[in-house]
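Reading through the structure tokens given below for one structure.
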Amino acid sequence: MVPITTLVNAVPKSNPIVNASLDLGLGFGLLYFFALQPIAALFTRHSEVVDKVAALYLLIALIQPLNAVVFVLDGIFIGANDMGYLFKAMAVAAFVVFAPAALILVYWLDGGLYGAWLAYNCLMIGRFLTLWPRYRSDVWLRSFVEKDEEYQAPVN
Numbered sequence: 093m094v095p096i097t098t099l100v101n102a103v104p105k106s107n108p109i110v111n112a113s114l115d116l117g118l119g120f121g122l123l124y125f126f127a128l129q130p131i132a133a134l135f136t137r138h139s140e141v142v143d144k145v146a147a148l149y150l151l152i153a154l155i156q157p158l159n160a161v162v163f164v165l166d167g168i169f170i171g172a173n174d175m176g177y178l179f180k181a182m183a184v185a186a187f188v189v190f191a192p193a194a195l196i197l198v199y200w201l202d203g204g205l206y207g208a209w210l211a212y213n214c215l216m217i218g219r220f221l222t223l224w225p226r227y228r229s230d231v232w233l234r235s236f237v238e239k240d241e242e243y244q245a246p247v248n
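FYI, in the numbering used here the residues of the sequence shown are 93 to 248.
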């Protein structure tokens, strides 16, 4: 179990982790911006596939910082046992943001692979918009403390 003193300082201590993830995401974004084609070529010898992936460099590169923050927030909320909120946030992002974006961009506008990646980026933006306000509040931390207090370790 995590001591309460650790929980009291959880938000200030998690901020550097979020900042580090942003830096890492920026680094990967730059890497993909400048080197996505050779990276894709490491995974296949099919030039058509490499060319299709390389054409997505801007969409893939620009979303990396946001992806990094979202995945770290996932980890923070999982660690705080705030799974109920994560489920709801993902459901909102998937059904309210991603599904309509995919239908519009891929099917109605015939966006193909480019449209699918735009829809995926919309999903990640939706996830960020549902997770960030929760992180900035202390609700996730309070829910962890409440669940921790409900749990009674068996006495040996």
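No residue lacks a Cβ here, since even glycine has one placed at the ideal position from N, Cα and C.
**Report entry** Helix, strand or coil at GLY204 [DSSP, three-state]
**Finding:** helix
Query - Beta-carbon proximity list for VAL145, same chain, < 7 Å, skipping 5 on both sides - result: LEU128, ALA132
Report task. Between the Cα of TYR177 and those of PRO108, LEU122, ASN111, PRO225, spot the shortest distance and give me the residue it belongs to. Result -> PRO225
**Report entry** ALA127 (DSSP reduced to helix, strand or coil)
**Finding:** helix
Query - Selected residue, minimal CA-CA separation from ILE196, among VAL142, CYS214, VAL184, ASN107 - result: CYS214
Query raised in the report: In terms of residues, what are the limits of the alpha helix (DSSP H) holding ALA160?
Result: 149 to 171
Query raised in the report: Is the distance from the Cβ of GLY203 to the Cβ of GLN156 below 7 Å?
Result: no
**Report entry** Separation of PRO108 from ALA183, as counted between CA atoms
**Finding:** 28 Å
Requested in this report: Take the Cβ of ASN111 as the centre, count every other Cβ of all protein chains shown within 10 Å, and call the residue buried at 16 or more, exposed below.
Outcome: exposed
Requested in this report: Could you tell me the distance, in whole angstroms, from the CA atom of VAL142 to the CA atom of LEU134?
Outcome: 9 Å
Query raised in the report: So, is LEU154 buried or exposed, given that buried needs 16 or more other C-beta atoms within 10 angstroms?
Result: exposed
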